[in-house]
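Inspection log for the structure reproduced underneath, given as structure tokens.
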Amino acid sequence: GSGIKIQEADQCSCDSVTIPASGFTPRVKLSCMNASRRTVLAGLVGTTAVAIAGCLGSSDGGQSFEDHPATTGIESQPSLGSPDAPATIVAFEDPSCRSCKRFETETFPAVKSELIESGRVRFVYRTLDITFRWSLPASQLMASTYDDMPEAFWGLKRYYYARQSEFEPDNVFELTESYLREESTADADAVLEAARGKEHDPLIQRNREAAEAADTTATPEFYLFRDDEFRTSVSGPQDYDVFESALGFD
């Protein structure tokens, strides 16, 4: 129904993986890639401007938070941290992306404890289903969980990354149902019904459109704002220090 065609890739040790789906014209910036015959990278024409450790994109010269394409429809997205925080990180991630898992397990805990919980940063999570095929139903389940119980969303996100290698298109609903019933207080029946009915497809499509407008074709990709102005983008699962420095908190 969405017209998105996922091209699956063999395992690689990339910091940032680009897998194009229909509606996306790959233009980005990879820090590394081990391509396979099953990896499709059409129309690659540019590289990221290097700023810090080869991972920062160029700034758009003080573009406002409200006007930046990465923030379109942001009010309906899962977020952590104070809405009054001086800085915001908008993350485009794919639950099936191995580089996203690396960020979530190695960098996000420090971002959360040092920046989010200190009141300095609000973190906004946007799904972008462009890697493996199970990411689309997972994105629907994540959106349905957030709609039912926002706090349960973050536990489901951790679960997907922690057990990423176990998922495939045919078992996403089964494994998610087990998690919701055994380890969450969300209404599992309501979440599953909404996800199977694709009730949140408009939100998923908004994420795709926002990513395309922001020239995002790889995950994870982060857009950093400070004092309501765009600072820079960060590509790949970079270290905590990159985020702290780029936001001016070092």
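If you use the working numbering, the sequence shown corresponds to residues 794 to 1043, in order.
Built from N, CA and C at the ideal position, the CB exists for glycine as well.
For I882, the enclosing beta strand (DSSP E) stretches over residues 880-886.
A residue is called buried once 16 or more other Cβ atoms fall within 10 Å of its Cβ, and A955, having fewer, is exposed. With at least 16 other beta carbons inside 10 angstroms of its own, A880 counts as buried. The region 903-923 and the region 871-888 touch, with no fewer than 3 CB-CB distances between them shorter than 8 Å. Considering only Y1016, A1011, V1035, F1036, the residue with the shortest C-alpha distance to F858 is Y1016. Three or more Cβ pairs closer than 8 Å define a contact, and the region 935-945 falls short of that threshold against the region 896-905. Ranking S971, T1025, A945, S889 by CA distance to the CA of S872 puts A945 first. The beta-carbon distance between S889 and W927, rounded to whole angstroms, is 6 Å. This is short enough to meet the 8 Å contact definition. The C-beta distance from R919 to F885 rounds to 5 Å, short enough to fall under 8 Å. Here DSSP, grouped into helix, strand and coil, assigns R913 to coil. One alpha carbon belongs to E986, the other to H993, and they sit about 11 Å apart.
Counting the other Cβ atoms within 10 Å of the Cβ of D922 gives 16 or more, which makes it buried.
The Cβ atoms of T898 and D1032 do not sit closer than 9 Å to each other. In chain order, L873, G874, F916 place their CB closer than 7 Å to the CB of I909, counting only its own chain and leaving out the 5 sequence neighbours on each side.
Relative to the Cα of Q870, the nearest Cα in the group Q998, A981, A1011 belongs to Q998. Between the C-alpha atoms of T1012 and W947 there is a straight-line separation of about 18 Å. In the displayed model, S872 falls within a strand according to three-state DSSP.
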